[in-house]
Every structure is written in C-alpha cells, then in structure tokens.
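Structure first, commentary second.
There are 4 protein chains.
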Amino acid sequence: MPAQHDLNPVMSVAQVSAMLDEVFPQFNVDRAFEVRDIRPGGCTVRLNAGDNHLRPGGTVSGPSLFALADIAGYVCVLSHAGPDALSVTTNLNINFMRKAEAGPIDGHCRILKLGRSLMVFDIEMIAGDDQHLVAHATGTYSIPPKR
Amino acid sequence: MPAQHDLNPVMSVAQVSAMLDEVFPQFNVDRAFEVRDIRPGGCTVRLNAGDNHLRPGGTVSGPSLFALADIAGYVCVLSHAGPDALSVTTNLNINFMRKAEAGPIDGHCRILKLGRSLMVFDIEMIAGDDQHLVAHATGTYSIPPKR
Amino acid sequence: MPAQHDLNPVMSVAQVSAMLDEVFPQFNVDRAFEVRDIRPGGCTVRLNAGDNHLRPGGTVSGPSLFALADIAGYVCVLSHAGPDALSVTTNLNINFMRKAEAGPIDGHCRILKLGRSLMVFDIEMIAGDDQHLVAHATGTYSIPPKR
Amino acid sequence: MPAQHDLNPVMSVAQVSAMLDEVFPQFNVDRAFEVRDIRPGGCTVRLNAGDNHLRPGGTVSGPSLFALADIAGYVCVLSHAGPDALSVTTNLNINFMRKAEAGPIDGHCRILKLGRSLMVFDIEMIAGDDQHLVAHATGTYSIPPKR
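Chains as they are written, first to last, in UniProt numbering: chain B, 1 to 147; chain V, 1 to 147; chain W, 1 to 147; chain P, 1 to 147.
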C-alpha cells in the first residue's frame, strides 16, 4: 500500500499508555495489553494472552482478539488524531485464521484513512514461534468533532 | 425472512447452560451472560453489563458486545448442531449503532444458514428503557466434522 | 427488532425511480432493478437476474447481489433522508448463503440507524420458488452535509 | 505480515486469463478486467474503469470495486488451489476510502489463509496519479472438495 507516512503521530507510547491507564482504570487490570510502538500511520499493541483469554480447546478466544483489534485502533486514533477519549468504534470485521495459544500476540495496525470524522484501519495479529497470522480485522472509528 | 422453523433445537436452555459452565469455567465468573431462550432457528442470550463492561464515557464496550454476539452464535451452534464444544468463529462483522449503559442487553440471534460445516447467523442487541437496537452483528461458525 | 416506524419516507416509489433514471442513466439499461416498495424505515428492491448476472455454474454472481444490496441501501437513503444523489457507501459486508438462479430476487432492506451523517442498513435477499434467503448484507452510507 | 511465500501458484497469468474467458463468456465483454500478475501467495488484477463503471458524481461505483475484489480473489483461488471453476465467495467485506475516477485501478490481492475448504484473502485497490488507496476488502472463498 502507498504508505501513510505523512500521518505523523502527536502522542508517544508513554503518553498513550498513561492516558489508557487513566481513562480505562478497569481495562488493563492484569497488564494484558501493552502499547509497543507508535509510528507514522500505524502502531503495534501486544496482548499477553493468559488463561482468562482462552476458550475451549486452549486457544485464545474471539473476544480477546477482538479487544486487541479494537484497542489497537483506539491507540491509532489517540496517537494520530489527538487525545480525545471519546472516539468510538462504529464497525469492526474480523477473520480468524489460525489458533493462537497463550502467550504474546502482536497486533500490527495501520491507518487506511484518517478523515475529519472517521478513521479506517486494519490490523494483522501475529503469534507463535513461527509468527503466523492468527487473525485479521478491519474497522472504523468515529472521531467526535473538536470542541 | 423465511423463518428457519424447520431447524429444531437438540439441546435445552438448561443443557446448554450446564455445558457452558463446564467447558468455559473461566468464562462466566460473574454470571454476566445468561442463556434466556432457545427456539427453532434461534436463541436469546443476555449480557448483564456491569462496571467491568464499560469504556470511557460509561457505555458498554465493543469487546463486551462482541462477546455477546460470539456467545449467542455459539449457543445457536451448540443447541442446533449438537454439543460439540470445538466449533469456532471464522468471521464476525459488528456495527455499533447506539450507546448502551450498564444493565441488561438482550441478544436475539437467528440462524441464517446451517450447513454441514458452516453456520451463518445474525444478532440484534437490544437495550434500555426504550429497547433500542444498540448493535447488530453477522458471523460464521465453522463446525468440525463428526467423529 | 424495535421497528423504526417513526422513520417516515419523504419520497415515493415513482419519485425515487425517476431520480435513479435521471442520475444513473447507464445504471439500469435493461431494467434489471425495480424499486418495489418504500415504507417507514425500509424498502424493497427487485433484481430481475438475467444471463449477464450469472457466473460459472449458472448462479447469480456476487457482484450482482452486491449491486442489489448497494442500490437498496441507496433507495433507503434517498427515500428517507431526501433526494441528494451524493450519498456514498462507506462499508458493505455481504454473506452468500445459497445459490440463486436467473429470475427475480427481492431485496428487503431496513434502516438500522439513520443519523445526521451516516445510515446503517441491512438487507435480506430472497429468491426462488421456496423463497430462500440467498444472501444477507449490512452496510453504511455516508450522507453529505446539507448545503 | 509473514509472507505466504510457500504458497506456489499452479497456473500462469495466461492460463488463468484463458480459463476466465472460457468459463465467464459474458464476464469480460469489454476487457474491463485484466490479470496483471500472479505470484506466490498473491495476484494483481486491474479494472480499466470506463463510463459504465461510474456512479453519480463521476466516481467508480461500489459494485465495480466489489467485482474487482471478487475477481481478484477468484484469480488467487484458481491460480493457487487449481483450475476448479466452482469455488464460490461466501463472505466479502469492503471499505470505500477515497473516490476513484475513470481509468486503471489495480487490485493487489494476497492470500491470508489457504485451507482445504476455505481461502481467506484481502485486497488493496489503488488508483490515480498519486496511487491512493481507494478501497480495501477482505473475503472468503469456499473451495469445493476434490472429485
């Protein structure tokens, strides 16, 4: 894809992480999610999947991977459109390709479009020794008007 | 839609609930999800949304509504294709329409197609005093071959 | 679903059909698409599928069913938000359930949300002697600001 | 993404093009679609968008871009799983990001998963002097069992 390298982040990993801790106190109780990288047009968020993220068969559950996609999109919005906590997901489509076991899952997220009121993104979720693609999602965040 | 009333459930609410308790011990710690109804071609699952399901702004989070959709689809698979715990979601697309506050959210799920290896479903998630549609999802479960 | 019966159409079948003929001259060369009904919160559009809508195996092609979904959504926007031709689809997710043969396919479309700048809809596409569900779609139209 | 470079094509551009001409006689009347490249784990298909692919406002229509995504997925299935014409799309989700004008639109498609019975793919559709991303889609093809 033509890189969206003209999209410059306005917040750092430390700033976004501090904001998530503040606005989502119940969110990250077990430090399950970590912001790993913020770069022009994208970010990487890691899910450290533990027992509470598994479903029958010992694989990481759909809701856990959905949460990874949703949070990574949120990190992209915050870091590129500015620290307004009230952006909301309007649509998310996720495909589950391979089973993931407990352990780190890296969500590499990129901004497909950053408009005034909408951001479209996709994300590849990679896990395991062989770094397989376990899930892929595409989604849209609605960005509230500046006040 | 032409009703799929020829699809007859093979498990009751009590049987599915007992099976979920057994195979998902970590799943329903706080009794957040309740199977309310199983009927020909569909089911209703309720999310009793508490503080841990909220995101900034006090509204029910995307992952919580995704989980409701995913679980309701799972209840449809179990109750109509039989008690094999290993069916997995392959795709789920969700649209978020209105904010939901803490409280009960009813997911009315219907089977759009039940084939030998795939089940397609959709779900309407309804909440609040005025019983608004807060979210809508469509998804696919892959059903493992009979052993 | 809680009916959106409070959504009142502002254009009739004849008015929308005349507008489509005018703004889409290349669109409906063979009278393949017909607006059949406009009602509070929804509409029905028919695709009269002929040879040019078929794919290998003699079944109606994916792009033809996508077009039916897209046009029905457009008819819902025009008839409920007013005659502005410039609304555009931003997202559409479609599931194909059963094969459809040449002949009429009825797309029953309903508005899930009509906001100021976005309309979310879904559509059931029904065909054949037994009136099976052949495809289901969910989509979003972006509505331009009033000038 | 970890490249799927271990996925080797079994058909060439010339072979797939000849097969499309044969099985889709009505499909490519105006030579609107061209297979440009087939490579390990992916392919590129071009839509030469003309007047009949435009919608009001002079931009390439949703159904035309959907067709590009659908055909590119089909070219990936044929070229990587072998020349069985009867694979069918089961799901396709498309996001429209920017307007495209008449002219060439390149669909760069990659296989996210190639299983025995399903292929999951995504596609970036690029157009214009500045080679912008105009649309992005993710989809699934069902592959019939070998006879």
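By construction, the Cβ of each residue, glycine as well, lies at the ideal position given by its N, Cα and C atoms.
Please read these numbers as outputs of a predicted model, since none were measured by experiment.
* To the nearest angstrom, report how far apart residue 32 of chain V and residue 47 of chain V are at their CA atoms. => 6 Å
* **Meets three-Cβ-pair contact criterion under 8 Å: the segment 52–59 of chain W and the segment 77–95 of chain W** => Segments in contact, no.
* Return the bridge partner residues of residue 108 of chain B from the DSSP annotation. => Paired residues: B:44 and B:124.
* **Minimum Cβ-Cβ distance from residue 146 of chain B to chain V less than 9 Å** => no
* **Supposed contact pair residue 79 of chain B and residue 142 of chain B - C-beta distance, whole angstroms, cut 8 Å** => About 17 Å; that fails the 8 Å criterion.
* To do: Rounded to whole angstroms, what's the CA-CA distance from residue 21 of chain V to residue 65 of chain W? Just pull it up for me.
  => 41 Å
* Min CB distance residue 65 of chain V to chain W below 9 Å -> Chain W contact via Cβ: absent.
* **chain V contacts from the UniProt domain "Thioesterase" (57–131) of chain P (Cβ-Cβ distance under 9 Å)** => Of all residues in the UniProt domain "Thioesterase" (57–131) of chain P, those with a C-beta nearer than 9 Å to a C-beta of chain V are 90, 91, 93, 117, 118 and 120, reading in chain order.
* Unbroken beta strand (DSSP E) runs of length 3 or more, entirely within the segment 80–108 of chain P: which are they? -> 88–96
* Can you grab the Cα-Cα spacing for the pair residue 62 of chain W / residue 17 of chain B, in whole Å? => 43 Å
* Within the 9 Å Cβ cut-off, does residue 45 of chain W reach chain P? -> no
* Asked: Is there at least one Cβ from chain W nearer than 9 Å to residue 7 of chain V's Cβ?
  -> no
* C-alpha gap between residue 100 of chain V and residue 35 of chain P, whole angstroms -> Within the model, the alpha-carbon separation for residue 100 of chain V versus residue 35 of chain P is close to 47 Å.
* Asked: Nearest to residue 103 of chain W by alpha carbon, out of W:59, W:113, W:23 and W:84?
  -> W:59
* Starting from residue 61 of chain W and walking both ways along the alpha helix (DSSP H), at which residues does that stretch end? -> Premise fails: residue 61 of chain W is in no alpha helix (DSSP H) and is neither H nor E.
* **Bounding residues of the beta strand (DSSP E) (the contiguous stretch that carries residue 142 of chain V)** => 132–142
* Asked: Does the Cβ of residue 14 of chain V have 16 or more other Cβ atoms within 10 Å, making it buried, or fewer, making it exposed?
  -> exposed
* Asked: Apart from the five residues just before and just after residue 81 of chain B, which ones in its own chain have a Cβ nearer than 6 Å to its Cβ?
  -> Cβ contact annotation for residue 81 of chain B (same chain, cutoff 6 Å, sequence separation greater than five): 143, in chain order.
* Asked: Pick from W:109, W:44, W:105 and W:140: whose alpha carbon is nearest that of residue 151 of chain W?
  -> The shown model of chain W, from 1 to 147, leaves out residue 151 of chain W, and the question about it has no answer.
* Any beta-carbon of chain V closer than 9 Å to the one on residue 23 of chain B? -> Against chain V, the CB of residue 23 of chain B has a partner CB under 9 Å away; the residue lies at that interface.
* Close-in-space but distant-in-sequence residues of the same chain around residue 72 of chain P (CB under 7 Å, 5 per side omitted) -> Closer than 7 Å at the Cβ level, and outside the excluded window around residue 72 of chain P, lie 43, 45, 107, 109 and 123.
* Under 8 Å between beta-carbons, which chain V residues line up against residue 54 of chain W? List them in chain order, please. => Those within 8 Å of residue 54 of chain W in chain V number zero; the least Cβ separation is about 21 Å.
* **Chain-order list of residues whose beta-carbon lies under 7 Å from that of residue 84 of chain B (same chain, five-residue window excluded)** => 144
* To do: Put residue 20 of chain B into one of helix, strand or coil per three-state DSSP.
  => Helix, per DSSP.
* Going by the CB atoms, is the gap between residue 126 of chain B and residue 41 of chain B shorter than 9 Å? -> Residue 126 of chain B sits away from residue 41 of chain B, with the two beta carbons spaced by 9 Å or more.
* **Delimiting residues of the beta strand (DSSP E) encompassing residue 37 of chain B** => 33–39
* Opposite residue 54 of chain V in the DSSP bridges: which residues? -> V:60
* CB-CB length for residue 77 of chain V against residue 97 of chain W, believed under 8 Å -> Contact flag wrong, Cβ pair sits at about 16 Å.
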